[in-house]
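Chemist: Heads up, the sequence shown is in the working numbering, so the first residue is 660 and it goes up one at a time.
Built from N, CA and C at the ideal position, the CB exists for glycine as well.
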Amino acid sequence: MTRPAVARRFLDRTRDEAGETLIETVMSLLLIATVVMAVIFSLFTVMRSTRAHRKIVRSGNESVAVAEQLHQVPYLPCGGSVTPLDGYQNDVELNVPGFEADIIDVRFLKDGNASLPPGGDSFQTTCPTTDQGVQELTVVLHPTTDTGVAQRLAFYKRANECPQQNQQFEGQLC
Numbered sequence: 660m661t662r663p664a665v666a667r668r669f670l671d672r673t674r675d676e677a678g679e680t681l682i683e684t685v686m687s688l689l690l691i692a693t694v695v696m697a698v699i700f701s702l703f704t705v706m707r708s709t710r711a712h713r714k715i716v717r718s719g720n721e722s723v724a725v726a727e728q729l730h731q732v733p734y735l736p737c738g739g740s741v742t743p744l745d746g747y748q749n750d751v752e753l754n755v756p757g758f759e760a761d762i763i764d765v766r767f768l769k770d771g772n773a774s775l776p777p778g779g780d781s782f783q784t785t786c787p788t789t790d791q792g793v794q795e796l797t798v799v800l801h802p803t804t805d806t807g808v809a810q811r812l813a814f815y816k817r818a819n820e821c822p823q824q825n826q827q828f829e830g831q832l833c
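1) For the beta strand (DSSP E) containing residue 769, name the first residue and the last one.
2) Just to confirm, are residue 801 and residue 813 a CB contact at a threshold of 8 Å?
3) Based on the DSSP output, what are the partners of residue 817 in its beta bridges?
4) Just reading off the alpha helix (DSSP H) that residue 745 is part of, what are its end residues?
5) Can you tell me where the alpha helix (DSSP H) holding residue 722 begins and where it ends?
6) Does the region 759-773 come within contact of the region 684-691, defined as at least 3 CB pairs closer than 8 Å?
7) When DSSP labels each residue in this structure, what does residue 760 get in the three-state scheme?
8) What residue from 794, 804, 697 and 701 has the CA that sits closest to residue 816's CA?
9) Roughly how many whole angstroms lie between the Cα atoms of residue 725 and residue 718?
10) Indicate the three-state DSSP secondary structure (helix, strand or coil) for residue 800 in the structure shown.
11) So, do the region 707-716 and the region 743-753 have three or more beta carbon pairs nearer to each other than 8 Å?
12) May I have the straight-line CA-CA distance separating residue 656 from residue 731, to the nearest angstrom?
13) Count the other C-beta atoms from every protein chain shown that fall within 10 angstroms of the C-beta of residue 792, then say buried if there are 16 or more, exposed otherwise.
14) Would residue 742 and residue 766 qualify as a contact pair, given that the criterion is a beta-carbon distance under 8 Å?
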């Protein structure tokens, strides 16, 4: 039985439109590739930020180790045979694995009765006429390998005894 020409054209047209076109296939592949690339780039971003955070945390931990080592060092007063900066640099060996620690500056308290705002003008770079019993040591911590971030520390070193004009209570450091 033969079909009329109109029915044959209609069936042929619907049969041709039943499959996927090349454009649809390419677009679906592009969409899948975009999703896969977004997932890969997000994983790389997470790994990179995790590595950076680990470096910052490790440097912070090592800076605490430096502060603990500096706490064990005796106070070097002004007016000695060696300046405190030279004395601290020569006598203090800051051992921090993977880092190099350097004492780069020592500043001295101007007035023992003044308040101590960090970074304020309460400290001077030269020894005062009378040592006030407080020094600000600046330490820079550099990583020797690519395992950390450089840290800059300000550490306040106190004498065990106060100068005569400052009042001292039992058990209190100057």
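Modeler: Quick look at the numbers:
1) In the sequence shown, counting from the first residue as 1, residue 769 sits at position 110. Careful: residue 769 lies outside any beta strand (DSSP E) and carries neither H nor E.
2) Along the sequence shown, one-based indexing puts residue 801 at 142. Along the sequence shown, one-based indexing puts residue 813 at 154. Against a cut-off of 8 Å, the Cβ pair of residue 813 and residue 801 comes out as no contact.
3) The residue labelled residue 817 in the question sits at position 158 within the sequence shown. The partner list for residue 817 (beta bridge, DSSP) reads 793.
4) Locating residue 745 in the sequence shown gives position 86, counting from the first residue. 743-750 is the extent of the alpha helix (DSSP H) around residue 745.
5) Position 63 of the sequence shown, counted from the start, is the residue given in the question as residue 722. That run of the alpha helix (DSSP H) goes 681-731.
6) no
7) On the sequence shown, residue 760 is found 101 positions in, with the first residue counted as 1. Strand, per DSSP.
8) Here residue 816 refers to the residue found at position 157 of the sequence shown. Checked all of 794, 804, 697 and 701; the closest Cα to residue 816 is 794.
9) Indexing the sequence shown from 1 puts residue 725 at position 66. Indexing the sequence shown from 1 puts residue 718 at position 59. Distance between the alpha carbons of residue 725 and residue 718 is about 10 Å.
10) Here residue 800 refers to the residue found at position 141 when the sequence shown is read from its first residue. Strand, per DSSP.
11) no
12) Past the boundaries of the shown model lies residue 656; the chain is included only from 660 to 833, so the question cannot be answered.
13) As a working note, residue 792 is residue 133 in the sequence shown. Looking at its Cβ environment, which holds 16 or more other Cβ atoms inside 10 Å, residue 792 is buried.
14) Working through the sequence shown from its first residue, we reach residue 742 at position 83. Working through the sequence shown from its first residue, we reach residue 766 at position 107. Not in contact: residue 742 and residue 766 (Cβ atoms no closer than 8 Å).
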